[in-house]
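Student: Encoded as structure tokens, here's the structure I'll be asking about.
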Amino acid sequence: MKTKRGLKLLALLAVLTLVIAACGGGEGGEDETTTTAGTEEPTTTAGEEEPTTTAGEEEPMEPGELGVVEVGAGENVKIGSLQAISGDVASLGTDQVRATEIAIADFGDIQGHAVELAFNEDDTCGAEGGQAGATRIIADPQVVAVIGTSCSGAGVPASNVITSAGRVLISGSNTSPVLTSDLVGNEGPEHHPGYFRTAHNDAIQGAAAAQFVFDELGLTSVATVNDGDPYTQGLTSAFEASFEELGGTIAISTAVTADQTDMRPVLTEIAAAGAELIFFPIFQPAGDFLAEQALEVAGLEETILMGADGLLSDTYVVLPQTENMYFSGPQTPQGPAYDEFVGKYEAEYGEAPIQSFHAHAYDATLMVLTAISNVAQADGDNLVIDLQAVRDELHSMTYDGLTGSLSCDEFGDCASPNIDIVQNTEAEADIAAVRANVQATYSASDLGF
Amino acid sequence: MTQAATVDARPVRRVSRITPVSIFLWGLRIAALAVILYGSFLSISSGRLSASQWRDLIVFGVSTGSVYALIALGYTMVYGVLRFINFAHGEVFMVGAMMAFYVANGLSTTSLWANNPIVSLLIVLLAAMITSTTVAVVVERIAYRPLRGAPRLIPLITSIGASFTIQYLVRGLVGPSTKAFPRMEPLRGTFELGGFVILRSQVVVIVAALTMMLLLYLFVEKTRTGKSMRAVSEDAETAALMGIDVDRTIVKVFAVGGAMAGVAGALWGLVFPSLNFFSGFLPGIKAFTSAVLGGIGNIVGAMLGGVSLGIFESVGPSLVLAGYEIPAFSQLKDVVAYSALVLVLIFRPTGILGERLAQERG
Amino acid sequence: MARVVETPTAPEVELRPTPPIEMRRAVRLGLSGGAAAVLVAATGMVATFQPRMVIDPIVPLGVLFLYLVVFGFGWMAAQPPATLEGFAAPVIGLRNVVVGALTGLLSGLGLGLLLVLMTVFDLRGVFIELSPELVEILGFGYPVGAAVVLTAVVAAAVGALGGAVHLLPVRLRHSLMPALIWVIFFSLLTDLFGQLFTGLSLDFMVDLLYTSRGGALTIVGAVIVFVVFFVVYWFLGGREKGLRETVQSMPKDQRMRWQVGLAAVVLVVLYFIPQLMGPFVSQILVTAGIYLLMALGLNIVVGYAGLLDLGYVAFFAVGAYAGAILTSPQSPALSPELALVAALPFVMIAAAFAGIVVATPVIRMRGDYLAIVTLGFGEIARILLNSEWLAPYFGGAQGITNIPDLQIGPFSFSTPQDYFYPVFLFVLLAAYITLAVQKSRWGRAWMAMREDESVAEAMGVNIVTAKLSAFVVGAILASFGGALFGSQIGSVFPHSFDIVVSITILVIIIVGGMGSVPGVTLGALVLIVLPNLLREFSEYQFLFYGVLLIAMMLKRPEGFIPSKRRAQELHSEELAQDAWLEIYGEKGQPETVPEGAA
């Protein structure tokens, strides 16, 4: 009987697999070295073994020797990039990849070895993409550091994968407190040593927006709208917490979906709740619909609209319905150094920088390269880079970048960010004009962090 | 013998089967009703929304629902004749909307747009209708006609394939960015209607949708082509025996469905002026849900289903969920819509106006 | 009188000649080919693929792909019509080549028209890809007039080649085409093969075949690959079927030994694959494995029980979140922090519960209603998991993070290579269940219900339990996939569980072959592994999906490796024709005829 034989066969296979899995997969996650020599093993040069963990323990590795990367004579120092370069948020990632490339060109070489952007991976702004891209990059044992990710959702698994392999991950646009800390001393649940960022922490932006609304605009009843995305939801949560702490009330806290087109029922509810301002740090095209339909819903004629950096793009501010809207976002850098950067960007890529985090990515790249350069030691014609030393250097150094003075706290937040609140006083086609129209600026210390 | 046949007057006894499943379903029906009624009571009595705001919500629902209804017509007509779900219909709608965008964009630079908005609108409408019809007919010819008579799953998968193909072809051709429709000045602002205020664009949408539906209904009921469509949907083989060209009739069905979707696309641009290649996906699913809700295969049912779904989505969260003080209840509007579908189908398994095709099992 | 019973011998049947290929069809295909080529160019595929070299430095991918499309249309146009009952085998000759050339020419003219339009107008306001760079690529760098002529000529030649393929003797054709495909394979999957060779310590192969690790094939490399595979297929040519038949006709215990031997070899290979292939490929294999696990589950629901479930992702989500809640210390409400192994029974219970919840309202519903309602359930699941209302339990938009790695006893699995083994184990389990169920009472009940519900009920099948059990089994298998997925990535976010996942799994089982385990496996490999390895194509991945689906359903609806029964069901007419041919006609091999006789 075919069935019985088939089943017996499968049972046999299953048992064999169990045995093999127990033997093979079980050596504490060590990348098996039973194959013949020459296999690309990400841990051979980094030298780190992942010790067996007991269930529930958060950090799988002890700090200590992480191994070294040896860059041979004539070889390049390799770094990688993991950004969202496809899909709706492609502008966010592409902007930062370009900034990284400019930074590499500007930095020059490290003790005679050129710096190479060996990987340009896509994190698809999601966990799977972050994981897959990170895995791909660390498969190359020569990569010292990774610039990325774009979205915090991708940053969660990526920071784990990359830092577990000993390398450094530094982001120019992750803002979720989960990845570092809540800025008052509590470690974020997804924090891993070796993760850094030059972007602000959402807690700060939420507080800045709340303070502006309460102090400058003098409003006490606000509605918040997020779009179900971890970033926007984190930002509205931070805003709500700060606003209530200041003494305001949240009239209604609601959400839409990113592909929603009919905002009128939500807006009717907001009108019924009597909100004086709507804070909606979402993206396009949902933001387009919300702003436009707010003009049409009865009861919202006097309501002020406020968005965040997700909407600070020239395709949004040109829309007539966004006139007089406020936006919160990271402060646009100023000064000759920044102008020079913008000049190089435009010359190379034919357009002005697209999104709000290019300068942060530029600073992130330069900071990491400076750190590597400081700790790299020559050994004949080779260059020896101690991975733990890179991390220590990043924690101890102070770097002056386009976005300000960067020094990393114990949880990886390097920025002492300023948040600008800008206003779109007429439907400008020029995002730069909007960004320059600053209504208020808040620094971390202003907000009590 | 001419004896009046006397029917034995024994009454027919209905055998009722009370099964665990039927008890469960009845329990579900009662529980659902209780939840809805209690939630509604709490919402209304809390006075959170004024009467005019409730009215507004209903009107919003009717206008969005009208667009769903127009798209649903295409689904239901194709299902009626071919007995399969045409997943690609949402993309037919999207293509119409895209064409409407480009034509409107082009027209808006001319004086015609400002001076004669009605004519401009008609041009946009016509362009959208032609494009959608063409795409619908081409897809039928390439993907569906060779599969007549195949088991139902096969054309369904093909239509999923067609849906992906059209979406990503459009994405490749025009790019993934969102397109913003130019404004139509006369359509902004409101009308005063019997004491309450309604947005002009919504009036246009509802009136246009109703007109198209009426025309379609007359077309299907009164004209010869409509009659042949009904015949083919009833029994294709017999219709062929009666001399009806089944192939051509089916092409006409797709064409008419496509035209309706094209109108929906143009109207969509009026009400929701941002569009990208993915904009057809969700309305397609909603429209299909509407068609099923109203009774699939039934034209009036599609209209009814569409408007109902729009109202469920718009009013539902505020009416039922808010009463229970659920945070961010507006986020759950799709949950309300799909739950409404499930409940309607539990109460009436073939949809609101559907024929009872299968024997009801106790 | 004795009746003579005649044994059927080939009677004297007058075979009519098969009509030659119609030119009108060639024209139609030519215009379609032109439209297809224009679309390929206008959607940006040519420009995106062009930087990638297939054979360095002479064959870039963009132009190759474009002319492959033309080649395909030429091949289709010149295809000899099928030998039908009562007709002689078709003659193949010059006409085929001419038809191919005509089709190619028309396609080329379509491209030429595009070139002219692009040069005269700037259409980038509407069609963003029609850039001057594209004109350069399409026109091979020549000015418009010359470019149009050149394109038409090249396309005609390519089309003629497509037609000429039909002239080749079968064995040659069956060696040539696969060899060419392998060359393209080796070129596109350079990362994979590079990794493989390095893993096997055959670094010299990488240097020999490729320009660099991850680079294109060299000319020498292309020639080597081509020759090797040509020879392999040539020798396999006559013997392919023979091997299978030989194995099947062996006595029982000998066959058993073969199969066990084969299984052992497969196991050994699979053990080494994660080691050889490194973490990136292992990651892809793990993802494919999880999809395969779910596809086997959906196979039971759709393939065996005939219940079209479009919301299967809901069960995947239930498994992932149940696993996350029970194991992660970050779980908001309930945080028992069990090991995944200990949590599995509860995950199964949750999945079974979900299966019942979904199944019960739909018990009375017919096929298409069932589809849309299950789709609705899938969406409801995702929205509820993302909602702020249930965030205190499920984490809302922030998901649940910090899911610990899998632990079995003292062994810990953390890298993708490690996870390959447990995933594979579960896939085996699912395959076992699939096969066991097929011949069991349950399976027969499901299949009876699938064919005709009323009749099945009349024969004593309890429809209610059948439907419930189908959903529950499917849900449990999906939940395994979900739990492994959450554990491997380390976090679960709601946006990973959207409708595209359900549709992808459905496509895998249909395209792979519904009801057959090897088919579904192949489907998962093609639809998950390939797109992840072919990075340029990622932007057009769904376009290829769509076209693949349509093509498969038109030509081969039973899937790549179908279950025999389904293939028979779907091709009953063709099989009847073939049976006729066995008796009455030639063995289906059209002969080539000298020039002029076409």
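One line per chain: the protein sequences are W, A and L, in this order. So for the first sequence, my numbering puts the first residue at 22; every next one is plus one. So for the second sequence, my numbering puts the first residue at 4; every next one is plus one. So for the third sequence, my numbering puts the first residue at 4; every next one is plus one. Backbone N, C-alpha and C define an ideal beta-carbon position, used for all residues, glycine too.
With the cut-off set at 8 Å, would you say L129 (chain A) and V122 (chain A) are in Cβ contact?
Tutor: It is not a contact, given that the beta carbons lie outside the stated cut-off.
Student: Using a C-beta to C-beta distance shorter than 8 Å, which residues of chain L count as neighbours of F27 (chain A)?
Tutor: Going along chain L in sequence order, the residues near F27 (chain A) (Cβ under 8 Å) are T363.
Student: Under 8 Å, Cβ to Cβ, is there at least one residue of chain A near R367 (chain L)?
Tutor: Yes, its Cβ sits closer than 8 Å to a Cβ of chain A.
Student: So, under 8 Å CB-CB, I513 (chain L) and G446 (chain L) are touching, yes? Tell me the CB distance rounded to an integer number of Å.
Tutor: With 8 Å as the limit, I513 (chain L) and G446 (chain L) do not qualify as a contact, their Cβ atoms being about 19 Å apart.
Student: Whole beta strand (DSSP E) runs in the stretch 376-461 of chain W with 3 or more residues, listed along the chain?
Tutor: As far as the stretch 376-461 of chain W is concerned, its whole beta strand (DSSP E) runs of at least 3 residues are 398-400, 403-407, 419-422, 425-428, 439-444.
Student: Classify L298 (chain W) as helix, strand or coil using the three-state DSSP reduction.
Tutor: Looking at L298 (chain W) - three-state DSSP - the assignment turns out to be strand.
Student: So is L356 (chain A) in contact with chain L if we call contact Cβ pairs under 8 Å?
Tutor: Not one chain L Cβ lies under 8 Å of L356 (chain A).
Student: If you follow the beta strand (DSSP E) that L114 (chain L) is part of, which residue opens it and which one closes it?
Tutor: Where L114 (chain L) is concerned, there is no enclosing beta strand (DSSP E), although the alpha helix (DSSP H) it sits in stretches over 97-123.
Student: For Q104 (chain W), go through chain L and note every residue whose CB falls closer than 9 Å to its CB, in chain order.
Tutor: Neighbours of Q104 (chain W) on chain L: none; closest Cβ ~15 Å, over 9 Å.
Student: Roughly how many whole angstroms lie between the Cα atoms of S49 (chain A) and P210 (chain W)?
Tutor: Between S49 (chain A) and P210 (chain W), the C-alpha separation is close to 40 Å.
Student: Shortest alpha-carbon distance to F46 (chain A) belongs to which of A:L335, A:I157, A:G319, A:I349?
Tutor: For the sequence presented, residue 46 (chain A) should be read as Ser rather than Phe. Among A:L335, A:I157, A:G319, A:I349, the Cα nearest to that of S46 (chain A) is on A:G319.
Student: Can you list, in chain order, the residues of its chain whose CB lies under 7 Å from that of A357 (chain L), leaving out five sequence neighbours each side?
Tutor: These residues qualify, in order along the chain: A317, F318, V321, A478.
Student: Counting only beta-carbon atoms, is A146 (chain A) nearer than 8 Å to chain L?
Tutor: Yes, A146 (chain A) lies at the interface with chain L (some Cβ there is under 8 Å from its Cβ).
Student: Between the beta-carbon of L326 (chain W) and the beta-carbon of A312 (chain W), is there less than 8 Å?
Tutor: Contact flag set, yes.
Student: Beta carbon of Q226 (chain W), beta carbon of V182 (chain W): below 8 Å?
Tutor: Result no, Cβ atoms of Q226 (chain W) and V182 (chain W) do not sit closer than 8 Å.
Student: For G549 (chain L), return the contacting residues in chain A, with the cut-off set at a CB-CB distance below 9 Å.
Tutor: By Cβ distance, chain A contributes I163, G164, A165, S166, F167, T168, I169, Q170, Y171, L172.
Student: With distances taken Cα to Cα, identify the nearest neighbour of S107 (chain W) among W:D116, W:D203, W:V287.
Tutor: The shortest Cα separation from S107 (chain W) among W:D116, W:D203, W:V287 belongs to W:D116.
Student: DSSP on D144 (chain W), reduced to helix/strand/coil?
Tutor: Three-state result, D144 (chain W): coil.
Student: Give the interface partners of S333 (chain A) over in chain W, defined as CB-CB distance under 8 Å, in chain order.
Tutor: Under the 8 Å cutoff, chain W gives T275, A276, V277, P286, V287, E290.
Student: Count the other CB atoms within 10 Å of the CB of D206 (chain L); is the residue buried (16 or more) or exposed (fewer)?
Tutor: Label assigned to D206 (chain L): exposed.
Student: By the three-class DSSP mapping on this structure, what secondary structure does A111 (chain W) have?
Tutor: In the structure shown, A111 (chain W) sits in a helix (DSSP, three-state: H, G or I).
Student: Does the Cβ-Cβ distance between L333 (chain W) and F310 (chain W) come in under 8 Å?
Tutor: No, the Cβ-Cβ distance between L333 (chain W) and F310 (chain W) is not below 8 Å.
Student: Step through the CB atoms of chain L and report whether any lies within less than 8 Å of the CB of S46 (chain A).
Tutor: No, no contact with chain L.
Student: Please classify Y171 (chain A) as buried or exposed, where buried requires at least 16 neighbouring CB atoms within 10 angstroms.
Tutor: Its Cβ being crowded by 16 or more others within 10 Å, Y171 (chain A) is buried.
Student: Roughly how many angstroms lie between the CA atoms of P135 (chain L) and N439 (chain W), to the nearest whole one?
Tutor: If I take the Cα positions, the gap works out to 43 Å.
Student: Using the Cβ count rule (16 or more neighbours within 10 Å means buried), how would you classify E94 (chain A)?
Tutor: Counting Cβ neighbours within 10 Å, E94 (chain A) comes out buried, since at least 16 surround it.
Student: Can you pull the chain B neighbours of T292 (chain A), defined as C-beta to C-beta under 8 Å?
Tutor: Although the question refers to chain B, the structure presented lacks it and instead comprises the protein chains W, A and L.
Student: What residue from A:V141, A:L344, A:L356 has the CA that sits closest to L373 (chain L)'s CA?
Tutor: Out of A:V141, A:L344, A:L356, A:L344 has the C-alpha closest to the C-alpha of L373 (chain L).
Student: Give the single residue among A:Y327, A:I288, A:G99, A:Q56 whose Cα lies nearest to the Cα of L312 (chain A).
Tutor: The option with the nearest alpha carbon to L312 (chain A) is A:I288.
Student: Hey, L238 (chain W) and V167 (chain W): beta-carbon distance below 8 Å or not?
Tutor: Result no, Cβ atoms of L238 (chain W) and V167 (chain W) do not sit closer than 8 Å.
Student: Around the C-beta of I247 (chain A), are 16 or more other C-beta atoms found within 10 angstroms, so that it is buried, or is it exposed?
Tutor: Answer is buried; the Cβ neighbour count reaches 16.
Student: Does the beta-carbon of L150 (chain A), which I'm using as the reference point, lie nearer than 7 Å to any heavy atom of the ligand SAH?
Tutor: The model depicted lacks the ligand SAH and carries no ligand whatsoever.
Student: The beta strand (DSSP E) that contains G328 (chain W), what's its start and end?
Tutor: Element bounds for G328 (chain W): 325-328.
Student: Mind pulling the chain A residues with CB within less than 7 Å of G295 (chain W)?
Tutor: What G295 (chain W) touches in chain A: nothing, since even the nearest Cβ is about 10 Å away.
Student: Have a look at the DSSP bridge pairing and note the partners of V345 (chain A).
Tutor: For V345 (chain A), which the question treats as bridged, DSSP gives no partner whatsoever.
Student: Give a yes or no on contact between the stretch 78-93 of chain A and the stretch 287-306 of chain A, applying the rule of three or more CB pairs nearer than 8 Å.
Tutor: Short answer: they touch.
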